[in-house]
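Participant:
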Amino acid sequence: MRVQVVFGDVGSGGGAGMRIWLIILMMLAAPTAAQTACTAGPAIAAGTNAATLRALRWTPFRNPETGWETYAPLIATEIKSNCPFTSPGFAQALSVWQRARGLPATGVVDQRGFEVMKSLWQSRRPFVALRGRNVCPAPPRVVLSAKGYLGKTIKVRPKALGAYRAMVSAAQRDVPALRKDTRWLAIYSGFRDPASDATRCRTEGNCDGSRRATCSAHRTGLALDIYVGEAPGYGPDSTKEPNRRAMSKTPAYRWMVANAKRFGFVNYAFEPWHWEWTGEAP
Numbered sequence: 001m002r003v004q005v006v007f008g009d010v011g012s013g014g015g016a017g018m019r020i021w022l023i024i025l026m027m028l029a030a031p032t033a034a035q036t037a038c039t040a041g042p043a044i045a046a047g048t049n050a051a052t053l054r055a056l057r058w059t060p061f062r063n064p065e066t067g068w069e070t071y072a073p074l075i076a077t078e079i080k081s082n083c084p085f086t087s088p089g090f091a092q093a094l095s096v097w098q099r100a101r102g103l104p105a106t107g108v109v110d111q112r113g114f115e116v117m118k119s120l121w122q123s124r125r126p127f128v129a130l131r132g133r134n135v136c137p138a139p140p141r142v143v144l145s146a147k148g149y150l151g152k153t154i155k156v157r158p159k160a161l162g163a164y165r166a167m168v169s170a171a172q173r174d175v176p177a178l179r180k181d182t183r184w185l186a187i188y189s190g191f192r193d194p195a196s197d198a199t200r201c202r203t204e205g206n207c208d209g210s211r212r213a214t215c216s217a218h219r220t221g222l223a224l225d226i227y228v229g230e231a232p233g234y235g236p237d238s239t240k241e242p243n244r245r246a247m248s249k250t251p252a253y254r255w256m257v258a259n260a261k262r263f264g265f266v267n268y269a270f271e272p273w274h275w276e277w278t279g280e281a282p
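If you use full-length UniProt numbering, the sequence shown corresponds to residues 1 to 282, in order.
(1) Tell me the rounded alpha-carbon separation between Lys240 and Tyr268.
(2) My guess is that Arg183 and Tyr234 are in contact by the Cβ rule of under 8 Å, so how many angstroms apart are they, rounded?
(3) Entirely within the region 117 to 142 and at least 3 residues each: give me those beta strand (DSSP E) ranges in chain order.
(4) With Gly89 and Thr39 assumed to form a contact (beta carbons below 8 Å), what rounded beta-carbon distance in angstroms separates them?
(5) Under 8 Å by Cβ, that's how I've got Arg254 and Pro272 pegged, so tell me the actual separation to the nearest angstrom.
(6) Counting Cβ pairs closer than 8 Å, one from the region 124 to 133 and one from the region 213 to 231, do we hit at least three?
(7) In terms of residue numbering, what span does the alpha helix (DSSP H) encompassing Ala243 cover?
(8) Which same chain residues end up closer than 8 Å to Thr66 when comparing Cβ atoms and leaving out the 5 residues on each side of it in sequence?
(9) Measure the CB-CB distance between Lys80 and Ala91 and report whether it falls below 8 Å.
(10) Where does Ala269 fall in DSSP's three states?
(11) Among Ala138, Ala72, Thr153, which one has its Cα closest to the Cα of Asn49?
(12) So the candidates are Ala252, Ala166, Gly151, Ser87; which of them puts its Cα closest to the Cα of Pro176?
(13) Indicate the three-state DSSP secondary structure (helix, strand or coil) for Leu224 in the structure shown.
(14) Going straight from the alpha carbon of Asp193 to that of Thr153, what length do you get?
(15) Between which two residues does the beta strand (DSSP E) containing Glu276 stretch?
(16) Buried or exposed: where does Val109 fall if 16 or more other Cβ atoms within 10 Å of its Cβ makes it buried?
(17) If distances are taken between C-alpha atoms only, which option among Gly47, Ala51, Thr77 comes closest to Lys261?
(18) Provide the residue(s) that pair with Arg57 in DSSP beta bridges, ordered along the chain.
(19) Contact defined as beta carbons within less than 8 Å: I believe Asn82 pairs with Ala170. What is the distance between those atoms, to the nearest angstrom?
(20) Can you tell me whether Val257 is buried or exposed? The criterion is at least 16 other CB atoms within 10 Å of its CB, across all chains shown.
(21) What span of residues does the alpha helix (DSSP H) with Leu144 cover, start to end?
(22) Smallest Cα separation from Leu161: which of Gly41, Arg141, Trp277, Gly132?
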């Protein structure tokens, strides 16, 4: 912002005007509270996070990965930080979160802290709680058909569909760019009949391990695969690391991470596109 300061005649009240302009200049020059918060914190930890953001060698899920950038939006939301991922403010918020959970308050993203976060994220998925008790929920009696990704017909439980539509409307209001492409936040997989999943596993070898054939969250009618982008050369549900990393940077995914919980949706952290509605039991 450019400000022009005009000094008036002191004898005609210009002194008061000059003081007002000086106050305005001081306000413009002073950093905002948010800027100050993001620069205050452990600089060494911030430097370590910057070095590992795209280079950390670790195994956050089943396979080795490089860097934690894919999970950065989820981590930032969990620790309640709006600061850049490599800033001292982010490291400070992380150290506070770590200390509250009995972890070394290093402010550095690492495997140990991530495992705790992952447990928290999984605990918010009612379907996972059932599977932990070896319970596989029965398919719903009622599902609604709706138009999904690229005109595909998808099926979802009625209340979940209502919550989804309200969420998308809010996202499009907040991020107008999402209205320019009908693919953004469109559902490309909802309810999947268990028998069809088993057939797909058998004929296509597309089994997601053995879970899809035995007990997939999609059998509940509450799990939605939502389009949040894709990297060139990949599909919207490819689990390849470059694809998931690209998704984590899109405005659609960033909005979902920050806001989906207001509408009852939780994310499976390994799959940026996979969201489950928690408004009713699986």
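Virtual Cβ for every residue (Gly too), placed ideally from N, Cα, C.
If you're wondering where the values come from, they're calculated on a predicted model, not measured in any experiment.
Facilitator: From the atom records:
(1) Lys240 and Tyr268 have their C-alpha atoms spaced approximately 15 Å apart.
(2) No, Arg183 and Tyr234 are not in contact; Cβ-Cβ is about 14 Å, not under 8 Å.
(3) Runs found: none.
(4) With a Cβ gap of about 7 Å, Gly89 and Thr39 count as contacting.
(5) With 8 Å as the limit, Arg254 and Pro272 do not qualify as a contact, their Cβ atoms being about 10 Å apart.
(6) Between the region 124 to 133 and the region 213 to 231, the count of Cβ pairs shorter than 8 Å is three or higher; the stretches touch.
(7) Here residue 243 is Asn; the residue named in the question, Ala, does not match the sequence. Segment 241 to 247, the alpha helix (DSSP H) holding Asn243.
(8) Closer than 8 Å at Cβ, skipping near neighbours: Arg54, Ala55, Leu56, Arg57, Glu241.
(9) Taking the C-beta atoms as reference points, Ala91 is found no nearer than 8 Å to Lys80.
(10) Ala269: coil per DSSP, three-state reduction.
(11) Of the listed residues, the one whose Cα sits closest to Asn49 is Ala72.
(12) Selected option, being the one with the closest Cα: Ala252.
(13) For Leu224, the three-state secondary structure derived from DSSP is strand.
(14) Each residue's Cα considered, the two are about 14 Å apart.
(15) From DSSP, the beta strand (DSSP E) with Glu276 extends over 274 to 277.
(16) Here Val109 is buried. Its C-beta has 16 or more other C-beta atoms within 10 Å.
(17) When only C-alpha atoms are compared, the closest one is Thr77.
(18) The partner list for Arg57 (beta bridge, DSSP) reads Thr66.
(19) In fact, because the Cβ distance is near 19 Å, the residues do not count as touching under 8 Å.
(20) Buried.
(21) For Leu144, there is no enclosing alpha helix (DSSP H); the residue is found in the beta strand (DSSP E) stretching over 144 to 147.
(22) Of the candidates Gly41, Arg141, Trp277, Gly132, the one whose C-alpha sits nearest the C-alpha of Leu161 is Trp277.
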